[in-house]
Every structure is written in C-alpha cells, then in structure tokens.
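> The sequence shown runs 0 to 216 under numbering that gives the first Met the number 0.
So that we are looking at the same thing, I have put the structure below in structure tokens.
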Amino acid sequence: MQYHPPPYSRLDILYEDESLLVVNKPSGLLSVPGRGEDKQDCMISRVQLSYPSALIVHRLDMATSGILVLALDKETHRLLSQQFQQRVIAKQYIAVVLGKPEPETGVIDAPMICNWPNRPKQMIDREQGKSAQTGYEIIDYCEQKQVSRLLLKPVTGRTHQLRLHCQFIGHPILGDTLYADEETQSKSERLLLHASNICFEHPISTESLNIACKVPF
C-alpha cells in the first residue's frame with residue numbers, strides 16, 4: 000500500500016510546557032517512521048523539526064486522528080511511559096460505526112492476538128489472546144444513514160483494539176480498510192476514529208491535565 004501523508008503546514012498543538020507536548024495528529028500520518036525511505040515522514044519527525052528532544056510515548060494508528068502525547072526529556076518520557084503501562088491514563092475516542100449497538104452502553108471484553116498470516120491485522124482469540132476491554136456508549140444515532148456515533152473508552156491499549164472490537168460486535172467503524180466490509184469502507188474516505196480526550200497526572204508538577212481535541216467529522 001502506498002503511503003500518502005497529508006501535507007505539512009504547522010503543528011496543531013493542544014498543550015505545551017517545558018516537559019511535554021500534546022499534539023493533534025491528522026488522519027493518514029504515521030506516528031513513527033515505517034519501513035522504507037517513503038515512510039519517514041511521520042508525526043514524531045514533524046514534531047522534532049521544532050522540538051528536537053521530543054520522544055514518542057504512545058502511538059495512534061496511521062488512519063486515526065487526534066491526541067498524541069510526547070515527552071520533551073528522558074525523565075518525563077520514563078514517567079509518562081509508566082503511566083501508560085499502569086493504565087492510569089484515561090483516554091476517550093469518538094467513532095462513527097455502522098448500525099446501532101445493543102445495548103446502547105456496555106463493555107466489549109474480547110482478548111486479542113496478532114493475526115500472523117494477515118499482519119498487521121489482529122484477531123479475537125479467547126484462548127491465547129491478551130486481555131482487551133473497551134467501554135462504549137451511543138452518543139447519537141442517525142436512522143436515515145443507519146450509523147451511530149460512539150464514545151469509546153479503552154481500558155487496555157492493544158493494537159487496533161477499537162477497530163477490531165467494534166467489528167467484533169457487528170458494528171465496524173466507517174472507512175475502516177482493515178476490518179470493515181467493502182460497503183462500510185466506502186461510506187467514508189477516512190477512518191472515522193478520533194482520539195478526543197485524555198486525562199493524566201503531569202509527571203513533573205503532578206497536576207491533573209484534561210486535554211480535549213475537537214472531532215473533525
């Protein structure tokens with residue numbers, strides 16, 4: 000698959016201090032470099048043009064837009080990484096999915112494992128998969144288009160977790176070229192998944208940070 004990152008004009012900075020940076024990553028841009036010279040343009044490389052010391056703490060799928068947290072020094076990186084590993088960072092996403100989930104709020108509990116013959120795809124595996132939970136609730140439902148806007152709250156942070164979990168319950172995300180059928184893919188030119196909110200303790204000042212990012216769809 001050819002890589003066509005969105006053109007770069009300026010960073011969309013949501014929060015900044017001497018220790019860390021929070022940016023809005025556009026859909027279609029890798030978080031970190033991929034394999035090959037054509038995949039070196041990414042969020043971290045763009046940030047490092049202005050902030051050479053920036054270090055990636057977590058990642059978003061290329062197709063997903065929204066909040067990405069970066070550390071500006073090694074100690075902040077270590078402390079933030081600990082928070083992500085300990086699952087004390089609260090993240091929220093907005094997605095538009097096919098159909099209307101029942102019940103309207105719940106928790107998807109479905110262990111995941113890499114689908115090795117079809118990498119980078121993941122799959123549900125009740126026996127060998129790693130624990131994966133996603134809370135969800137319907138924000139809005141459009142009967143005419145037969146689509147729902149969901150608030151997703153991942154408990155774990157597995158690769159493609161939100162995309163696979165939505166597909167697993169029969170409500171794939173619009174524009175998802177990995178897990179949705181062709182009809183659902185064709186309903187949007189991009190994956191309709193956005194990291195909209197994050198709440199965590201500042202690793203240096205210990206103040207509580209609650210950062211939001213406007214949904215572009």
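Every residue gets a Cβ at the ideal spot worked out from N, C-alpha and C, and that includes glycine.
#1: Taking buried to mean at least 16 other C-beta atoms within 10 Å of its own C-beta, is Thr63 buried or exposed?
#2: With DSSP run on the structure shown, which of helix, strand or coil describes Gln121?
#3: Should Leu48 be labelled buried (16 or more other beta-carbon atoms within 10 Å of its own) or exposed?
#4: Measure the CB-CB distance between Leu151 and Tyr92 and report whether it falls below 9 Å.
#5: List the residues that DSSP assigns as beta-bridge partners of Ser64.
#6: Once DSSP output is grouped into helix, strand and coil, what is the label at Ser204?
#7: Per DSSP, Gly98 forms a beta bridge with which residues?
#8: Who are the Cβ neighbours of Ile88 in its own chain at under 8 Å, not counting the five residues just before and after it?
#9: Output the distance between the C-alpha atoms of Gln145 and Leu192, rounded to the nearest integer angstrom.
#10: Specify, as a first and last residue, the run of the beta strand (DSSP E) that Lys73 falls within.
#11: For Lys24, does the three-state DSSP call read helix, strand or coil?
Result, derived from the coordinates:
#1: Around the beta carbon of Thr63, a 10 Å sphere encloses 16 or more other beta carbons of the protein chains shown; the residue is thus reported as buried.
#2: The answer is strand: DSSP assigns Gln121 an E or B state.
#3: By the Cβ-count criterion, Leu48 is exposed, with fewer than 16 other Cβ atoms from all chains shown falling within 10 Å of its own Cβ.
#4: Their beta carbons are under 9 Å apart, which means Leu151 touches Tyr92 by this criterion.
#5: Answer is His193.
#6: If DSSP states are grouped into helix, strand and coil, Ser204 belongs with coil.
#7: According to DSSP, Gly98 bridges with nothing at all.
#8: Gln82, Ile197, Cys198 and Phe199.
#9: Rounded to the nearest angstrom, the two C-alpha atoms are 17 Å apart.
#10: Under the DSSP assignment, Lys73 falls outside any beta strand (DSSP E), being part of the alpha helix (DSSP H) whose first and last residues are Lys73 to Gln84.
#11: Three-state result, Lys24: strand.
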